[in-house]
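Undergrad: Questions regarding the structure given below will be posed in turn.
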Amino acid sequence: MLETALKGRQIYWGWLIFLLALIGAGLGCYIYQFHEGLRITGMGRDVSWGFYIAQLTYLVGVAASGVMVVLPYYIHDYKAFGKITVLGEFLAISAIVMCGLFVFVDLGNPVRVMNIIMYPSPRSILFWDMIVLNTYLLLNLFVGWNALSAERKGVKYGKVVKTLAYISIPWAFSIHTVTAFLYAGLPGRHYWLTAIMAARFLSSAFCSGPALLILLCLIVRRVTSFDPGKEQIRTLSGIVAYAMILNVFFFLLELFTAFYSQIPGHMHTFEFLFAGLEGHGRLVPWMWTATGFAIISLILLIVPATRRNEDTLAVACASVIIATWIDKGLGLIIGGFTPNPFDRVTDYWPTAPEVMITIGIYALGFFILTVFYKIAVSVKEEVVA
Amino acid sequence: MGLDRRNFLKIAGLSALFGLGGKAAVDIFAPGELEASMEAVPLTEGKRWAMVIDIQKMDEELMNKVTKACHREHNVPDLGNPKEEIKWIWKEDYEHSFPGQQHHYIGDDFKQGSFLLLCNHCSNPPCCRVCPTQATWQREDGIVMMDQHRCIGCRFCMAACPFGARSFNWGDPRRVLRKEDLKKLNPDYPTNRDYPTRSKGVVEKCTFCAERLAKGQIPACVEAANKVKENALTFGDLADPDSDVRAVLRKHYSIRRKPELGTEPNVFYIV
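Residue numbers (our numbering), protein chains in the order written: chain L, 107 to 491; chain B, 6 to 276.
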C-alpha cells in the first residue's frame, strides 16, 4: 500500500515539502541544543520541565483518543465508525511518535537513552510510560495497517487483528493514566498531587483528540474524494461535547477543593495561573484565553443547532483544541512547578530554539499523519471505485 | 598490609559504586592510609547517616564558610545565573526553608536568620523511586547516591524532590566556565583535582561526602563547621544509639523540613 503515498497532486507534495522545511529547521535547532545542552531552553532549576514535556502530555491524550472511534466500532459494533477507525488509529500513531520525540529532546543525555531499557526500573513511572506508549504504537500500527490492507483486498480483517484491536482499547486508557501518574504521585507538588489527575487527563484527551479528528475529517472531505461521513462526524461531536463537559467539570472540582479548604499550597498554583503570584503573571492572559475558548466551545457543543452545523462545529472543535492545549501544554507543567519547593516563583517561558524544536516535532508528526492519511484515503477511494 | 581478599572486594565494589576511578581510587588504595582509616574511624559501617544542624550556633559567616568548603571539595561552580545554579549546601531564610510554618509574630532572629539546606538523604526518598535508570539510589548506609555516568538527564528526580535539593547541569560546566565572565567567578575551577567535574545534562546533589566517608573522613561541611564552632553540625549514625547525633537529638528539640510528606528526612534542625 505504501506506493499510494508516492502518487499525489501538487498540493500534497507542496505540503510535505513545507513540513520537511520545518522539520529541517527544528533539527538544526536540536543540533544546537545537543551541542550546548538544555541551557538554550527557558527551563531552569525551578521549572525543570517545560514546553517539551507539556507537549508530550498533550499528545499522549491525542493518541489515547483514538480509542473513541475504535471502542464504539469494535465493542458496540457501531458500523458507521468502521469507515474512520483507521483515521483514529493513524492519528494515534503520529501522536505517539511525537510523544517519543518530545521525551527524547528533553533528555540532558540523549545518547544514554537506552539506559531505560538496560536498567529497567519498575518503580519508576517513566519506565511504565515507555512500555505502554511503545506497545500502543505497535498495536495501532499492526491493527491499523492490517485492517486497511484487508479492506483493500475486500476481505474481513483476521482474528489476530480483532483481538489486538480489543487489547488496544484498555491500552489507550492505560497510556494516559500512566502519563497522569508521572505527575500525580509526586509529594510536594500540590497542583499535581490529586487523585483526579488521570480522570482529568482522560476527559481532556477524549474531547481534544476527537475534536482534532473532526477537523481532520472535514479537511479530508475537502481535499479528497473520500467522505468520512456526516453521521460519523455527528457522533464524534457528541463525544467531544460530553468529554469537554466532564473536563471542565473536573477542573471546577479542583477549584472547589482548593478554595473551599483554603489550604495555601492548594490555592497557590491556581492563583499563579489565573491572577498572578508574587508579581509573576505571565500565564494569566493565556489561562483566561483558555477559559474563554472553553466557554465558547461548551456553548457551541451543547446547543444542538450549532453542534449539528458543521461550520459552527468546526469553530467549536478549534476552541476545544486551543483551550485544552493551553491547559495541558502550558498551564499544567509550568503550574505544577510553581511555586517551587521553597514557595518561590520563577518565571519560565520557552526560548526561540525551544519553540522551533517543538514546531519541528509537530511538523514531523503531521508529515507522518499526512502520509498515513494519504495511504488510507487512497485505499478508500480505490475500494469505492 | 592487612588487606584480605574480602576487604579488597568490598572496597573495590564501593569505589565502583561511587564512580570513583583514577587518582581517587588510587588514593583509597594507598597503603597505610587505608588501614588507618578503616581501623581508626569506623565511618564506613554506618547504617543510617544523618546530620543535625544547630541553628543557634550558626551565623552567616559560618554558613558561607561551610558552603564554600563543600563547593570547593566537589567542584561546584558558580554559574552566575540562578536558573542554572548548582547547589549542594546553601543558605535560605526561615520562611522559604519551612514554607507554611511562618507566622506574623515570629521574632526577628528567625525572620532574618538563615538556615543551612542540603539534601535530606530521606529514608523514603521519592527521587530514587522515580528514577528510570537507577542512576540515583539509596545505599545501605542510607545515603541517597547519584551515578552521573548513568543519568540520562530526564530530571524526574528534580520534579519528585520536595526539597529542591537536586541540580541539573543545563550546560557543560567544563566548557561554559571557560567564558571570560564565568572564569572570573571561578578562577581556580576545578578546585579539587581528586573529585570529578561533571558533564552536561546530568543531575547532581549532596552525597554526604560518600567519597570522604569511604576514607574514614567526616563530610567536608561538618569538618569546616567544627573548625570554627564545636557541634554546629553533627554527623553520625542514627542507627547507633550511642552516636553523637542520637545524643544531640535526645537532648534538644529538633525539626525537619516537610515531615508531613513522609519522605523521612535525615537532616535535623535544632532551633
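Every residue gets a Cβ at the ideal spot worked out from N, C-alpha and C, and that includes glycine.
Can you name the residues of chain B whose CB is closer than 7 angstroms to the CB of L:W155?
TA: Residues of chain B passing the Cβ test: R160 and A164.
Undergrad: With a threshold of 8 angstroms between beta-carbons, can B:S172 be considered close to chain L, or not?
TA: yes
Undergrad: Could you pull out every residue in the same chain whose Cβ sits closer than 6 angstroms to the Cβ of L:F380, ignoring the five residues on either side in sequence?
TA: Cβ within range, chain order: M393.
Undergrad: Got a sec: is the Cβ-Cβ distance from B:C211 to anything in chain L below 8 angstroms?
TA: no
Undergrad: Give me the chain B residues within the contact set of L:P370, using Cβ-Cβ distance strictly less than 8 angstroms, ordered along the chain.
TA: Correct list: G105.
Undergrad: Can you look up L:M149 in the DSSP assignment and give me helix, strand or coil?
TA: coil
Undergrad: So with Cβ pairs under 8 angstroms, would you call B:P131 a contact of chain L?
TA: yes
Undergrad: Skipping 5 residues on each side, what residues in its chain have a beta carbon closer than 7 angstroms to that of B:L243?
TA: Excluding sequence neighbours, B:L243 sits near R53, A55, V250, R251 and N271.
Undergrad: Give a yes or no on whether 8 angstroms exceeds the smallest Cβ distance from B:A35 to chain L.
TA: Because the pLDDT at B:A35 is just 46, under 50, the model does not fix this residue reliably, and the value given afterwards should be weighed accordingly. Not closer than 8 angstroms to any Cβ of chain L, the Cβ of B:A35 fails to qualify, so no.
Undergrad: So, at 7 angstroms on beta carbons, what are the nonlocal neighbours of L:I465 in its own chain, with the 5 sequence-adjacent residues on each side left out?
TA: L128 and G132
Undergrad: Could you give the distance in angstroms between the alpha-carbon of B:I275 and the alpha-carbon of B:R255?
TA: When rounded, the distance between both Cα atoms is 11 angstroms.
Undergrad: According to DSSP, simplified to helix, strand and coil, what is B:L238?
TA: strand
Undergrad: Sort out for me which residues DSSP pairs B:K96 with in a bridge.
TA: In DSSP, B:K96 forms a bridge with B:L121.
Undergrad: What span of residues does the beta strand (DSSP E) with B:I275 cover, start to end?
TA: V272 to I275
Undergrad: How is B:D186 classed by DSSP in three states: helix, strand or coil?
TA: Looking at B:D186 - three-state DSSP - the assignment turns out to be helix.
Undergrad: Spell out whether any CB of chain L is found under 8 angstroms from the CB atom of B:I157.
TA: Interface residue, yes.
Undergrad: Distance, Cα to Cα, L:V261 vs L:T283?
TA: 35 angstroms
Undergrad: So, B:K92 versus B:S204, is the Cβ gap smaller than 8 angstroms?
TA: No, Cβ-Cβ distance for B:K92 and B:S204 is not below 8 angstroms.
Undergrad: Using DSSP with H/G/I as helix, E/B as strand and the rest coil, what is B:A55?
TA: strand
Undergrad: Can you tell me whether DSSP reads L:I123 as helix, strand or coil?
TA: Helix, per DSSP.
Undergrad: Just to confirm, is the Cβ distance from L:F376 to L:L358 under 8 angstroms?
TA: no
Undergrad: Kindly list, in the order they appear in chain B, the residues whose Cβ is closer than 7 angstroms to that of L:L379.
TA: Within 7 angstroms Cβ-Cβ: nothing; L:L379 doesn't reach chain B, min ~18 angstroms.
Undergrad: Anything in the stretch 142–153 of chain L with a Cβ closer than 7 angstroms to a Cβ of chain B? List those residues in chain order, please.
TA: E142, G143, L144, R145, G150 and R151
Undergrad: Identify, in the order they occur along the chain, each residue of the same chain with its Cβ nearer than 6 angstroms to the Cβ of B:Q107, setting aside the five sequence neighbours on each side.
TA: E100
Undergrad: With distance defined between alpha-carbon atoms, name the residue in L:H386, L:T363, L:V267 and L:A349 nearest to L:T300.
TA: It is L:T363 whose Cα lies nearest to the Cα of L:T300.
Undergrad: Contact check, L:M350 vs L:S403 under 8 angstroms by CB: the rounded distance?
TA: 6 angstroms
Undergrad: In chain L, what lies closer than 7 angstroms to B:H108 by C-beta?
TA: In chain order: nothing, as chain L lies at least about 12 angstroms away.
Undergrad: Only counting runs of 4 or more residues, tell me where the alpha helix (DSSP H) segments fall wholly within the stretch 130–187 of chain L, in order along the chain.
TA: 157–170 and 173–180
Undergrad: With distance defined between alpha-carbon atoms, name the residue in B:W175, B:T196 and B:C124 nearest to B:M151.
TA: Nearest option by C-alpha distance: B:C124.
Undergrad: Which chain L residues are close to B:Q143, counting only those with a beta carbon under 8 angstroms from its beta carbon?
TA: Those do not exist, as B:Q143 stays about 11 angstroms from chain L at its closest Cβ, beyond 8 angstroms.
Undergrad: Strictly below 7 angstroms CB to CB, what residues from chain B border L:N215?
TA: C156, I157, G158, G206 and V207
Undergrad: I'd like to know if B:W95 contacts chain L, where contact means its C-beta is closer than 8 angstroms to some C-beta of that chain.
TA: Under the Cβ criterion of 8 angstroms, B:W95 is not counted among the residues facing chain L.
Undergrad: Is there a Cβ from chain L that is less than 8 angstroms from the Cβ of B:K263?
TA: True, the Cβ-Cβ gap to chain L drops below 8 angstroms.
Undergrad: Secondary structure at B:E265, three-state DSSP: helix, strand or coil?
TA: helix
Undergrad: Can you grab the Cα-Cα spacing for the pair L:I463 / L:F472, in whole Å?
TA: 14 angstroms
Undergrad: Taking Cβ to Cβ, would you say L:T285 is nearer than 8 angstroms to L:V166?
TA: yes
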